[in-house]
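Undergrad: Structure provided below as structure tokens; questions to follow.
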Amino acid sequence: MVGIERKGLKTIQINNYAGYMVISNQDVSLKIDIGDSCIACFDVSTCCRGNISYFDQLEDILDYFDAPKVVISYLLSRDLSNWSSEKISAIKMKIETM
1 MVGIERKGLK
11 TIQINNYAGY
21 MVISNQDVSL
31 KIDIGDSCIA
41 CFDVSTCCRG
51 NISYFDQLED
61 ILDYFDAPKV
71 VISYLLSRDL
81 SNWSSEKISA
91 IKMKIETM
């Protein structure tokens, strides 16, 4: 079981399945063992911070009933045959997390 803690709401327990995502505005929200290859860290641009209009438009787009299908179809169409997690640069967040 994993506890899911949402701001302002009661913590809930869910079954622990191996594939889940943690999103946080904290610099280091998890501590991961060195060598754990099952983690990807991403630096996210702040260029749209405070741009309410952009996020309102994004919400409207993602509200369409077939939006998840379109996103998944796009992701599944990508050629990942030459992709390797070792190619991801050691960004500051990844170094601090491990």
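The sequence shown runs contiguously to residue 98 in full-length UniProt numbering.
No residue lacks a Cβ here, since even glycine has one placed at the ideal position from N, Cα and C.
Predicted model, so just to flag it, every value in this text is computed and none were measured.
So, with DSSP's three-state summary, where would you put residue 14?
TA: strand
Undergrad: First and last residue of the beta strand (DSSP E) that includes residue 4?
TA: 2-4
Undergrad: Quick one: Cα of residue 3 to Cα of residue 25, how far?
TA: The straight-line gap from Cα to Cα measures roughly 18 Å.
Undergrad: Taking the Cβ atom as the reference point for each residue, do residue 54 and residue 47 lie within a distance shorter than 7 Å?
TA: no
Undergrad: Distance, Cα to Cα, residue 64 vs residue 58?
TA: 11 Å
Undergrad: Rank 16, 15, 23, 1 by C-alpha distance to the C-alpha of residue 7 and give the top, closest one.
TA: Comparing C-alpha distances from residue 7 to each of 16, 15, 23, 1 shows the shortest one belongs to 23.
Undergrad: When DSSP labels each residue in this structure, what does residue 72 get in the three-state scheme?
TA: helix
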